[in-house]
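Chains as they are written, first to last, in the working numbering: chain A, -10 to 354; chain U, -10 to 354.
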């Protein structure tokens, strides 16, 4: 199939390209390289330099430039579009007005342009859009996949599962989902919306060293813990760490995206799948890293620090990922050995201790 | 109170200013006059020229210009901000990519800038934001005011009432509501979100001739019917006209806004009120205009034309407006005499027959 990957310079985009190409698809990749600019703006770099080959073959395209985007869609005529091309950082989006505006403009307007480009140039293409489990927030009811069956005053209805996101970044993804649901129904587009958990992993079968961010802006909590464990720093847990999040290995991201590709939304359908394999509280995750450290001779400690974010400190959390399990997803779960391997790989690299501490507080505007 | 009205050049903004000033408030008014530009773009004009005094005292401010907006907020230090400053047309938002992007940029980013301006310069101000009943769409369950009590797999929760808007304009208001809910919770802002029905009325006690749009872009269905009845044209009903919408007289808009002002959201609260007084199917509304026509000697006919929009042709619809009734709203309902008076007033003016027919079809991109 002709597959277009948007945001191919990112942590997920490049291995998706390599994986799908290996599977025999004709994959074209584009990016506007804005993530590199944002990294410079916040003075952060990934742990190891991007592989020079990573950007080989990436065509320049900014989704905010509709003319260029339309050109790409017209010339390549994709059958599948995998859309990772968004500003991915919640802390960045909360670092002030300019960043909030940049995030929502880049993500929402970029995706709007994409909607119109698809209608005009490849209306049958299946759009696979990456969202996040964070869109749902932490409601006191089980989190379904996009839709909720309710009975209200004796009437039954299926309604969009309401979203309660916790940052301007997460909000941008919620706005995208609303625009895409409408676009599917109004223009007959085929849209799969993947609400993804926190992805970890430093390599795939096809790519040896994936971009590894451990900083406060683009890093994830598990990456931070691994970097800290590898370098004999205490793991910084925000608050009591009793908040629960979903996770998956990047090899399962690839598996899920391929399953989504093989099981497309129908014309006019907005298909929602939750894309994760496990859930942990942050403190349990920290303890797993402590245990994994022992395997490689590290004595890891935990340091609780004030939570810079506003999050429910304790909450019910029961999201489902049944849709991918039904399609045959075989989760590669997080083991002490997986963590230990990452600690070893990371411990060989020089790092910048100054970019770990959170600089962005949610309460500041 | 010091009240800032954003979007004071519009149909609702100017009479709100006049009404609140009459009530003794200190009201400052701003606009960027973009609606006049959009009218020119679509070659439409309101029925009678804007009163020259209408724009007297309006300060220029574009919400997309954060520096100017911050200056206004800092200098006036409003206690209440009434926010009408949005692109208000669903057909305009559906007229192509540029207009969709303009609508969502203007509305969503403008309101984002306003959020940050309030946090910085007047964090105690009560923001009254105009949304629309169209945000809810037409779900098969009763429409509550912003929140829905559900029980799901034996767990109870109060969730945001899910939105299913039907145009990029309505979507922009939904995005605003999500951003504002977050801003209230995250920054402690006081926000009232008013989901308003379709407003009608050609004058208030304070303003004699309100902007009257009967065109396909900025006109409302009732205005179109009144113009058609006044000029012996058949009333153009979209489809079978069985879709149901909510309505209110502009004097009730003023009453509601004043009630919202007097009963503000608390710090950190996102308070939702549905602002309408009645609901009618479009065909019933047309028949009401036919009946009113008889009072003034008009023999009015009805002409069903294909619906340019995508709307549920028939649907359950039961929204509540209990919140304003509880606060003492005394609805001024739509009577044959009210319609007849509007027909008479409108029939004295020259009009442009070419701007009535719908030019924008929802299915076109």
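Note that beta-carbon positions come from the ideal geometry of N, C-alpha and C, so glycine has one too. Just so you know, these numbers come straight off a predicted model, no measurement behind them.
Rounded separation between residue 71 of chain A and residue 119 of chain A - CA only
The straight-line gap from Cα to Cα measures roughly 8 Å.
Burial state of residue 213 of chain A, where buried means 16 or more other Cβ atoms lie within 10 Å:
With at least 16 other beta carbons inside 10 angstroms of its own, residue 213 of chain A counts as buried.
Quick one: does residue 21 of chain U have its CB under 9 Å from some CB of chain A?
No - not a single Cβ of chain A is within 9 Å of the one on residue 21 of chain U.
Where the alpha helix (DSSP H) through residue 57 of chain A begins and ends
If you look at residue 57 of chain A, you'll find it in the alpha helix (DSSP H) that goes 55 to 65.
Per DSSP, what kind of secondary structure is residue 315 of chain A in: helix, strand or coil?
Of the three classes helix, strand and coil, the one that applies to residue 315 of chain A here is helix, per DSSP.
Between residue 179 of chain U and residue 173 of chain U, what straight-line distance do the alpha-carbon atoms span, to the nearest angstrom?
Each residue's Cα considered, the two are about 6 Å apart.
Can you name the residues of chain A whose CB is closer than 9 Å to the CB of residue 182 of chain U?
Residues of chain A passing the Cβ test: none, with the nearest at roughly 15 Å.
Per DSSP, what kind of secondary structure is residue 274 of chain A in: helix, strand or coil?
DSSP, read as helix, strand or coil, puts residue 274 of chain A in helix.
Are the beta-carbon atoms of residue 336 of chain A and residue 168 of chain A separated by less than 9 Å?
With a cutoff of 9 Å on beta-carbon distance, residue 336 of chain A and residue 168 of chain A are scored as not near each other.
Beta-bridge partners of residue 37 of chain A, as assigned by DSSP
Beta-bridge pairing links residue 37 of chain A to no other residue.
Could you check how far apart the C-beta atoms of residue 5 of chain A and residue 211 of chain A are, in whole angstroms? I think they sit under 8 Å.
Contact doesn't hold; Cβ gap of about 20 Å is too wide.
What are the residues of the stretch 118 to 143 of chain A that lie near chain U, defined by any Cβ-Cβ distance shorter than 7 Å?
Interface annotation for the stretch 118 to 143 of chain A against chain U: 128, 129, 130, 131, 137, 139, 141 and 142, criterion Cβ-Cβ distance under 7 Å.
Closest Cβ-Cβ distance between residue 57 of chain A and chain U: below 9 Å?
False, the Cβ-Cβ gap to chain U never drops below 9 Å.
Less than 9 Å between the C-beta atoms of residue 1 of chain A and residue 239 of chain A, yes or no?
Cβ atoms of residue 1 of chain A and residue 239 of chain A: closer than 9 Å.
List, in order along the chain, the chain D residues whose C-beta lies closer than 8 Å to that of residue 176 of chain A?
Reference to chain D is not applicable here, since the protein chains of this structure are A and U.
For residue 261 of chain A, which residues in the same chain have their Cβ closer than 6 Å to its Cβ, ignoring the five residues on either side in sequence?
For residue 261 of chain A, same chain residues with a beta-carbon under 6 Å away, outside a window of 5 residues either side, are 134, 135 and 182 in chain order.
Other residues of its chain near residue 157 of chain A: CB distance less than 7 Å, five sequence neighbours each side excluded:
In the same chain as residue 157 of chain A, and ignoring 5 residues on each side of it, the C-beta atoms closer than 7 Å to its own belong to 82, 83, 89, 92 and 93, in chain order.
Can you find a C-beta in chain U that's less than 9 Å from the C-beta of residue 145 of chain A?
It does: the Cβ of residue 145 of chain A has a partner Cβ on chain U nearer than 9 Å.
Please list the partners that residue 47 of chain U has in chain A, where partner means a Cβ-to-Cβ separation under 8 Å.
Chain A residues near residue 47 of chain U: none, gap ~25 Å exceeds 8 Å.
Straight-line gap, residue 237 of chain U to residue 310 of chain U (C-alpha atoms, nearest Å):
Counting only the Cα atoms, residue 310 of chain U lies some 11 Å from residue 237 of chain U.
Counted within 10 angstroms of its Cβ, other Cβ atoms place residue 324 of chain A as buried (16 or more) or exposed
By the 10 Å Cβ count, residue 324 of chain A comes out exposed.
Beta-carbon neighbours of residue 363 of chain A, restricted to chain U and to distances below 7 Å
Not covered by the structure: residue 363 of chain A. The range shown for chain A is -10 to 354.
Any idea if residue 104 of chain U is buried or exposed, counting beta-carbon neighbours within 10 angstroms, 16 or more meaning buried?
Per the 10 Å Cβ criterion, buried.
Using the Cβ count rule (16 or more neighbours within 10 Å means buried), how would you classify residue 138 of chain U?
Exposed, by the Cβ-count rule.
Compare the C-alpha of residue 352 of chain A against each of U:144, U:109 and U:55 and name the closest.
The shortest C-alpha separation from residue 352 of chain A is found at U:109.
Would you call the stretch 220 to 231 of chain U in contact with the stretch 284 to 299 of chain U, where contact means no fewer than 3 C-beta pairs closer than 8 Å?
Yes, the stretch 220 to 231 of chain U touches the stretch 284 to 299 of chain U.
Compare the C-beta of residue 157 of chain A with all C-beta atoms of chain U and state if any pair is closer than 9 Å.
When Cβ-Cβ separations below 9 Å define contact, residue 157 of chain A makes contact with chain U.
Over what stretch of residues does the alpha helix (DSSP H) that includes residue -9 of chain U continue unbroken?
Premise fails: residue -9 of chain U lies in the beta strand (DSSP E), -9 to -5, not in any alpha helix (DSSP H).
Answer with buried or exposed for residue 22 of chain U, where buried requires no fewer than 16 other C-beta atoms within 10 angstroms of its C-beta.
By the Cβ neighbour-count rule, residue 22 of chain U is exposed, with fewer than 16 other Cβ atoms within 10 Å of its own.
Buried or exposed for residue 101 of chain U, please, with buried defined as at least 16 other CB atoms from any protein chain shown within 10 angstroms of its CB.
Label assigned to residue 101 of chain U: buried.
Name the chain U residues whose beta carbon is nearer than 7 Å to that of residue 101 of chain A?
Residues of chain U whose Cβ lies closer than 7 Å to the Cβ of residue 101 of chain A are, in chain order, 89, 90 and 93.
For residue 286 of chain A, count neighbouring C-beta atoms within 10 Å of its own C-beta (all shown protein chains included) and say buried if the count is 16 or more, exposed if not.
Flag for residue 286 of chain A reads exposed.
Do the stretch 150 to 166 of chain A and the stretch 148 to 167 of chain U touch if we need at least three Cβ pairs shorter than 8 Å?
Contact between the stretch 150 to 166 of chain A and the stretch 148 to 167 of chain U is present: three or more C-beta pairs spanning the two stretches fall below 8 Å.
Span of the beta strand (DSSP E), counted from its first residue to its last, around residue 185 of chain U
Here the beta strand (DSSP E) through residue 185 of chain U covers 179 to 185.
Chain-ordered residues of the stretch 286 to 305 of chain A with a beta carbon less than 9 Å from chain U:
Correct list: 299 and 305.
Output needed for residue 366 of chain U: all residues of its chain with C-beta closer than 6 Å, excluding positions within five of it in sequence on either side, in chain order.
Because chain U here runs from -10 to 354, residue 366 of chain U falls outside it and cannot be looked at.
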